[in-house]
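Working notes, beginning with the structure itself.
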Amino acid sequence: MMGRKIAVIPGDGIGPEIVREAQKVLDAAGKKFGFELDYTEVLMGGASIDVHGVPLTEEAIETAKNSEAVLMGSIGGDAKTSPWYQLPPQRRPEAGLLGIRKALNLFANLRPAYLYEELRAACPLREDISKAGFDMLIMRELTGGLYFGERYTKTEDGIRKAVDTLEYNENEIRRIAVKAFDIARKRRCKVCSVDKANVLDSSRLWRAVVEEVAKDYPDVTLEHMLVDNCAMQLVRDPAQFDVILTENMFGDILSDEASMVTGSIGMLSSASLNETKFGLYEPSHGSAPDIAGKNIANPIATILSAAMMLRYSLDLDEAADGIEAAVRQVLADGYRTGDIWSEGCIKVGTVEMGDQIAQRV
Ligand code: NAD
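8 is the number of the first residue of the sequence shown in our numbering; add one for each residue after it.
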């Protein structure tokens, strides 16, 4: 059987440890659900600087492009102590991440925020709010808007002035709206589009184009919400959300807020997609250099990212469900890495957590 091509970027810090566990779980899922993955390892970030002098090579981009998806750990080191941060900004580890996103045209960033019943104690929300649980997915536009518009700083008549430009065209809005509606169909068929249409022209265009796209999805319910209200609703009643669709800066802020309310950084997966089925899958957290090499990092965010990869890039929904169910079962059985451990639970390291999940797939 020919395996499906996956590029793997272990990266820096805890990256190699958590990616290894994700591959273990993917292989267990392959045996159970009848597929095979063919991995090609790629260096990026600090690991690439050490070998090639640059955080991302053309060869790495080519390998990614020739794959159906990329599974990544995380990149970067300790900015205070690592020699990588003595380099100019465009040669530092993070430049590799921006470079690969651009080269692969990854314009849609997905971050699920799910509250596991077993981890409810870590949720910072009041119990009367958290008891309803929540299961949402934030879809953030990643390559346009304020972060990519024209910007400059100048002095006019002795007064310093800075300008940033927020620009979107209808094609950029349409392609991400289509992604959001498609993904809503794999979930609970609800899209909440977030904007600031009472003030911004870019938001009024956003709203108009999202309305047009919605016409092709009569089975998906669309709602619009102003971003200030959304920030409030995320802590007041997070259970109301399924897919939240929003532009780059709003999504940057709201996705951090949504991940914070889950209370468990080691559990949060993410995906970045382009117009095809291709995607890059990675945990939301960083490379945690403070705990690297100690076998204590939580591999679950990476394992759940691998499950998303099966669902969105490989259309192996059943196997993705299987991995997610195995994660829930391991938590129900009381296994915890240090970051999510509480009294009465069984503390395990990175490798054993991977083993326990793989066994239950
Ligand atoms: P971080 O997410 O790496 O760590 C924050 C804290 O959470 C640390 O105390 C860490 O030990 C803990 N933590 C993170 N992931 C964990 C896990 N899986 N299990 C247990 N504990 C975990 O954020 P940071 O310290 O601000 O950044 C460290 C490096 O990561 C920096 O170089 C930064 O640039 C990089 N970074 C990379 C990405 C990415 O690759 N996409 C994202 C964010 C940060």
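Don't be surprised by glycine CBs; every beta carbon is placed ideally from N, CA and C. Since this is a predicted model, take the numbers as computed values, not measurements.
Checklist entry - Looking at the structure shown, is Pro62 part of a helix, part of a strand, or coil, going by DSSP? => result coil
Item to check | chain C within 9 angstroms of Leu321, Cβ atoms only | outcome: Of the chains in the structure shown, none is chain C; there is only one protein chain.
Checklist entry - In its own chain, which residues sit with a C-beta less than 8 angstroms from the C-beta of Ala329, not counting the 5 before and 5 after it? => result The residue asked about is misnamed: residue 329 is Gly in this sequence, not Ala. Taken in chain order, the residues that qualify are Ala36, Lys39, Phe40, Val368.
Item to check | For Gly369, the three-state DSSP class (helix, strand or coil) | outcome: Here the chain covers residues 8 to 368 and nothing more, so residue 369 does not appear.
Next on the checklist: If I follow the unbroken beta strand (DSSP E) through Asp142, where does it start and stop?
Outcome noted: 142-148
Checklist entry - Alpha carbon to alpha carbon, what distance is there between Thr88 and Lys197? => result 46 angstroms
Item to check | Closest Cα partner of Leu321 within the set Val337, Glu230, Thr253, Lys284 | outcome: Lys284
Checklist entry - Under a three-way DSSP split, which group does Tyr46 fall into? => result strand
Next on the checklist: For Pro62 and Arg133, I'd like the C-alpha separation in whole angstroms.
Outcome noted: 43 angstroms
Next on the checklist: ligand 1 and Thr344: does the residue's C-beta get closer than 8 angstroms to at least one heavy atom of that ligand?
Outcome noted: yes
Checklist entry - Contact check, Ala371 vs Ser74 under 8 angstroms by CB: the rounded distance? => result This structure gives no information on residue 371, because the portion of the chain shown stretches from 8 to 368.
Checklist entry - From Val220 to Ala187, what distance separates their C-alpha atoms? => result 10 angstroms
Item to check | Under the three-state DSSP convention, the category Pro119 falls into | outcome: strand
Checklist entry - DSSP three-state call for Leu111: helix, strand or coil? => result coil
Item to check | Through-space distance from Arg192 to Glu325, alpha-carbon basis | outcome: 15 angstroms
Item to check | Contact under 9 angstroms by Cβ, Gly20 with Pro296 | outcome: yes
Next on the checklist: Considering only heavy atoms of ligand 1, does any lie closer than 8 angstroms to the CB of Met79?
Outcome noted: yes
Next on the checklist: Considering only their Cβ atoms, is the gap separating Val201 from Thr253 smaller than 9 angstroms?
Outcome noted: yes
Checklist entry - Buried or exposed: where does Ile353 fall if 16 or more other Cβ atoms within 10 Å of its Cβ makes it buried? => result exposed
Item to check | Asn305 beta carbon near ligand 1 (any heavy atom closer than 8 angstroms) | outcome: yes
Next on the checklist: Out of Met360, Asp346, Leu323, Ala327, which one is the CA nearest neighbour of Asp340?
Outcome noted: Met360
Item to check | Selection from Gly22, Arg318, Glu174, Thr357 that minimises the alpha carbon distance to Glu157 | outcome: Glu174
Checklist entry - Who are the Cβ neighbours of Gly22 in its own chain at under 6 angstroms, not counting the five residues just before and after it? => result Gly80, Ser81, Ser294
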